[in-house]
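Peer 1: Note that our numbering gives residue 61 to position 6 of the sequence shown, counting from 1, and the numbers run on in steps of one. Each residue gets a CB set at the ideal place from its N, CA and C atoms; glycine is no exception.
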Amino acid sequence: MYIDQMPIFKTCPMCERKWENRESFLDDPELEFIGYQADFGLPEDGLFYFTHEAAGCGSTMAVKVEFFLSLYAGKRYTDIKMLSKECPGYCLNRDLLQRCKARCRYAYVREVSQVIKDRMKNIL
56 MYIDQMPIFK
66 TCPMCERKWE
76 NRESFLDDPE
86 LEFIGYQADF
96 GLPEDGLFYF
106 THEAAGCGST
116 MAVKVEFFLS
126 LYAGKRYTDI
136 KMLSKECPGY
146 CLNRDLLQRC
156 KARCRYAYVR
166 EVSQVIKDRM
176 KNIL
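1) What do you get for residue 95, buried or exposed, if any count of 16 or more other CB atoms within 10 angstroms of its CB means buried?
2) In whole angstroms, what is the alpha-carbon distance linking residue 123 and residue 114?
3) To the nearest whole angstrom, what separates the beta carbons of residue 104 and residue 170, a pair I think is in contact under 8 Å?
4) Look up residue 171 in the DSSP assignment and say whether it is helix, strand or coil.
5) Rounding to the nearest angstrom, what Cα-Cα distance links residue 74 and residue 100 in this structure?
6) Between which residues of its own chain and residue 159 is the CB-CB distance below 8 Å, once the five residues before and five after are set aside?
7) Excluding the 5 residues flanking residue 80 on each side, which residues of the same chain have their C-beta closer than 6 Å to its C-beta?
8) What residue from 67, 173, 62 has the CA that sits closest to residue 117's CA?
9) Going by C-alpha to C-alpha distance, which of 163, 87, 139 sits closest to residue 175?
10) Would you mind sorting residue 168 into buried or exposed? The rule is 16 or more other CB atoms within 10 Å of its CB.
11) Residue 97: which of 106, 76, 119, 110 sits nearest, CA to CA?
12) Are there 16 or more other CB atoms within 10 angstroms of the CB of residue 145, so buried, or fewer, so exposed?
13) Flag residue 120 as yes when its Cβ comes closer than 8 Å to any non-hydrogen atom of the ligand FAD, and as no otherwise.
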């Protein structure tokens, strides 16, 4: 495979900045992790949102959760607790990125988001 045919992890839709892999994407200090949109069918099909804060850009990009799942090796639950007494409703608000204490099928994605937040915070 020629170098110009190598797959790119993500391209900014506004300024066309390219990130070759997940690591270069997460290590970019000009990216801000801003949200998570849950997919209530398959958690891995949810979306993480990032804003490219480069001068003259400001575009927000969505990246499928599945590309970040290997960052977390902890517990995954199978029960769905959405809208139960245990559920704080975080998955219903894209801007809420905190951990969820419900033992729910979707909770591990919030653990992945914590790994991303911690990693990106340490870059600044």
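Peer 2: For this structure:
1) Under this definition residue 95 is an exposed residue.
2) The straight-line gap from Cα to Cα measures roughly 20 Å.
3) Their Cβ separation, rounded to whole angstroms, is 16 Å, which puts residue 104 and residue 170 out of contact at 8 Å.
4) In the structure shown, the three-state DSSP call for residue 171 is helix.
5) Rounded to the nearest angstrom, the two C-alpha atoms are 21 Å apart.
6) Counting only residues of its own chain and dropping the five nearest sequence neighbours on each side, residue 159 has a CB closer than 8 Å to the CB of 132, 134, 135, 136, 137, 141, 142.
7) Cβ within range, chain order: 64, 65, 74.
8) Here the closest residue by C-alpha is 67.
9) The residue from 163, 87, 139 with its alpha-carbon nearest to that of residue 175 is 87.
10) Burial state of residue 168 is buried, judged by a 10 Å Cβ sphere holding 16 or more other Cβ atoms.
11) Among 106, 76, 119, 110, the Cα nearest to that of residue 97 belongs to 119.
12) By the C-beta density criterion, residue 145 is buried, having at least 16 other C-beta atoms within 10 angstroms.
13) By its list of ligands, the structure shown contains no ligand whatsoever, and the ligand FAD lies outside what it can speak to.
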